[in-house]
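Residue numbers (my numbering), protein chains in the order written: chain P, 1 to 226; chain H, 227 to 452. No residue lacks a Cβ here, since even glycine has one placed at the ideal position from N, Cα and C. Okay, structure first, notes after.
2 protein chains.
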Amino acid sequence: MSEPNTEFKTQQERVYFQLREAILCGRFVPGRAVTIRGIAEMLDVSPMPVREALRRLTAEHALALQDNRRVTVPHMTASRLEQIVEARIALETQAALRAMAHISTDDLAHLKALDDQVTQAIEVQDAESYIRTNLEFHLTLYRHGPNEVILPLIESLWLQSAPFMRLVLNRIGLGYLTDRHVQATDAIAARDALALKLAIASDIREGIGALGQEELEVATTEGEPI
Amino acid sequence: MSEPNTEFKTQQERVYFQLREAILCGRFVPGRAVTIRGIAEMLDVSPMPVREALRRLTAEHALALQDNRRVTVPHMTASRLEQIVEARIALETQAALRAMAHISTDDLAHLKALDDQVTQAIEVQDAESYIRTNLEFHLTLYRHGPNEVILPLIESLWLQSAPFMRLVLNRIGLGYLTDRHVQATDAIAARDALALKLAIASDIREGIGALGQEELEVATTEGEPI
DNA sequence: TGGGTAATAATGTGATCACATTATTAGGGT
DNA sequence: ACCCTAATAATGTGATCACATTATTACCCA
C-alpha cells in the first residue's frame with residue numbers, strides 16, 4: 001500500500017486542516033463562496049471529503065450556511081465582534097490561569113521564543129505571519145493546562161474572527177498593535193494569576209477589541225459583497 | 227411533490243435535531259456507541275443524512291470520535307466537569323446581561339411560566355423533564371439578547387453535560403436542586419445586572435457545579451464501559 | 001438600450017456500492 | 001479451563017450517480 005499522507009488518517013481530516021489553516025491565516029475573504037466541487041478541484045480530492053470538512057467547519061462557525069444551503073465565509077458585524085471579544089476574554093483568561101501552574105521554565109522559554117516571532121512579524125508588517133504566530137502563542141500557552149473543553153470554544157472564536165482580522169490588518173497595518181505577551185510571560189514567571197489575567201485581557205482588548213465602526217466598514221466594503 | 231416534513235429542509239437536519247434532542251434529554255448514556263447504520267435503521271433513513279448529522283454533533287463535542295473513528299457519547303471526567311461549569315458561568319452570565327435590556331414584561335411572564343414547569347418537574351421528580359425545561363428557561367432568556375455568537379458555545383456545553391447530568395439525577399434524585407430562577411427573573415424585573423449575574427452563577431454552581439467525585443464515580447460505573 | 005423570460009449551468013443532498021480497517025466470534029491446541 | 005488464532009461480521013470512508021433547487025447567462029421583445 002502506498003502512503004498518501006503521514007499526518008492524517010483520512011482525507012476529510014486533511015482537507016479540514018488545510019481549510020482551517022487557510023481561514024485562520026485570513027486567506028479566505030469574508031463573503032467568499034465556498035463550494036464543495038470548487039474546493040475539491042482546488043485541493044485535488046473527490047467531493048466527499050470536502051463535504052465532510054465543510055460540515056465540520058460550519059458546525060464550528062468558521063463558515064456559515066446560507067438559506068440556500070450554500071456555504072460562505074461569514075461577514076463580521078458589530079454585534080458579533082463584541083461577543084467574540086467578550087467571550088475570548090472570559091474563556092482565555094480562564095484557560096491561561098488553568099495552564100499557569102503547569103508551565104515549566106523550558107515551556108516559558110518556548111513561549112518567549114514564540115512571542116519573538118510575533119514581534120518580528122509586526123516589525124516587518126507581515127499580517128498573515130502575525131495572525132498565525134499570535135494564535136500559536138495563545139494556543140501553546142493554553143494547551144499546557146487541562147483545557148480540553150475550553151480550547152475548542154476558543155479556537156472557534158479565532159476561526160470566526162480571523163478573516164475579518166486579516167482584512168483589517170491589510171488595510172490599516174500592524175502599527176496599532178501593542179505587545180502584552182511579555183507582560184503575560186512575566187506574570188507566568190512570577191506565578192501571578194491576577195497579572196496574567198490582566199495581560200491576556202489587555203492583549204485581547206488592545207488587539208481585536210480595539211477595532212470599531214470604521215474597521216467594520218472597511219471590512220464590508222473590501223470583502224465580497226453580500 | 228409530497229411534503230415529507232415541514233420543519234426541516236433536509237433529512238440530515240431532521241436527523242441532527244432528533245439526535246440532539248435525545249442527547250440533551252440524556253437518552254444516550256455516556257459510553258454508548260453511536261454508529262451510522264445503527265442510527266439510520268433506528269430513524270429509518272439512509273446512512274447519508276446520519277453521517278452528516280454525526281459529523282456536526284461531533285464537531286460540537288456532543289459526541290466524540292475515538293481513535294478507530296467510531297463515535298461514542300463521551301464519558302465525564304472531573305477536569306471536563308470543572309471546565310464546563312467555569313465556562314458556563316462565564317458565558318451564560320454574559321449572555322444574560324446582554325439579554326436583560328431586551329426583555330419586556332410579557333417576555334418576563336413567559337420566563338416565569340417556564341420556571342414553573344421546571345419547579346413542577348422537580349416536584350414530580352421527572353429528570354428528563356427537568357433537564358429539558360431548565361435548558362428551555364436558560365436558552366429562552368439568552369435568546370432575547372444579541373447572542374448569536376455566544377449561544378452556540380453555551381449549547382455545546384449543555385450538550386456535553388446532559389448525558390452525565392441525566393445519569394446522576396437518575397441516581398441521586400432531584401432533591402438537591404435549588405431554584406435560582408426566581409432570583410433571576412426578579413433581577414431582570416429590577417434591571418439589576420449584578421443580581422442577575424449572581425443568580426445565573428449560583429444556579430449553575432448549585433446545579434451541575436455541586437456535583438463532585440462521588441457523582442463522577444456513579445456515572446462511570448453506570449454508563450457503558452470504556 | 002433596458003428588462004423580463006427562457007435556457008443553461010452550477011450546487012447541495014441523498015442513495016448506493018466498493019473497500020480497507022477494526023471488532024467480534026468461533027474454534028482448536030495446550 | 002484458558003489463551004491464541006483464524007474466520008466472520010460490522011463499521012467508517014470515499015467514489016460516483018441521479019435529482020431537485022437555485023443561480024447565472026443568453027436572448028428577445030418593447
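Here alanine 327 of chain H carries a coil assignment [DSSP, helix/strand/coil]. Contact between the stretch 51–63 of chain P and the stretch 110–126 of chain P is absent, with fewer than three C-beta pairs closer than 8 Å.
In this structure, DSSP gives leucine 63 of chain P a state outside helix and strand, which the three-state scheme calls coil. Proximity to arginine 258 of chain H across H:Ala410, H:Leu393, H:Ala322, H:Ala316 peaks at H:Leu393, based on C-alpha coordinates. With a cut-off of 8 Å on Cβ pairs, the stretch 301–314 of chain H is in contact with the stretch 427–446 of chain H, counting three or more such pairs.
Here alanine 121 of chain P carries a helix assignment [DSSP, helix/strand/coil].
For alanine 259 of chain H, the three-state secondary structure derived from DSSP is strand. Note that the C-beta distance between leucine 114 of chain P and glutamate 136 of chain P is below 7 Å.
In the three-state scheme derived from DSSP, where H, G and I count as helix and E and B as strand, valine 45 of chain P is classed as coil. In this structure, histidine 144 of chain P places its C-beta atom within 7 Å of the C-beta atom of alanine 99 of chain P. Counting other Cβ atoms within 10 Å of its Cβ, lysine 197 of chain P reaches 16 or more and is therefore classed as buried. At a cut-off of 7 Å between beta carbons, leucine 379 of chain H contacts chain P. Taking a Cβ-Cβ cut-off of 8 Å, the neighbours of arginine 282 of chain H in chain P comprise Arg55, Arg56, Thr58, Ala59, given in sequence order.
Under the DSSP assignment, histidine 407 of chain H falls in the alpha helix (DSSP H) whose first and last residues are 407–415. Taking a contact to require three or more Cβ pairs closer than 8 Å, the stretch 193–212 of chain P and the stretch 146–156 of chain P do not qualify as touching. At a C-beta separation below 7 Å, isoleucine 376 of chain H has these neighbours in chain P: Gln83, Ala87. Rounded to the nearest whole angstrom, the C-alpha separation of phenylalanine 390 of chain H and isoleucine 150 of chain P is 18 Å. Under the Cβ distance rule, proline 163 of chain P does not count among the residues neighbouring chain H, no pair being separated by less than 7 Å. Cα atoms of threonine 133 of chain P and histidine 181 of chain P: separation of roughly 12 Å, rounded to the nearest angstrom. DSSP places alanine 127 of chain P inside the alpha helix (DSSP H), whose first and last residues are 127–143. About 6 Å separates the CB atoms of proline 273 of chain H and arginine 263 of chain H; that is less than 8 Å, so the two are in contact. The beta carbons of leucine 43 of chain P and valine 15 of chain P sit closer together than 7 Å. At a cut-off of 7 Å between beta-carbon atoms, proline 275 of chain H makes no contact with chain P. With respect to the C-alpha of isoleucine 103 of chain P, the residue from P:Ala90, P:Glu7, P:Pro146, P:Ala22 having the closest C-alpha is P:Pro146.
As computed with DSSP, threonine 221 of chain P is found in no beta bridge at all. When C-beta distances to chain H are compared with 9 Å, the residues of the stretch 9–27 of chain P below that value are Lys9, Thr10, Gln12, in chain order. Pairing glutamate 128 of chain P with alanine 95 of chain P, the inter-Cα distance amounts to about 25 Å. Assignment of threonine 58 of chain P by DSSP, reduced to helix, strand and coil, places it in the helix class.
Think of a sphere of 7 Å around the beta carbon of glutamine 120 of chain P: no beta carbon from chain H falls inside it, the nearest being about 32 Å out.
Residue contact check for glutamine 94 of chain P against chain H: a CB pair falls below 7 Å.
Ranked by Cα distance from alanine 22 of chain P, the options P:Leu63, P:Arg205, P:Ala101, P:Glu7 are led by P:Leu63.
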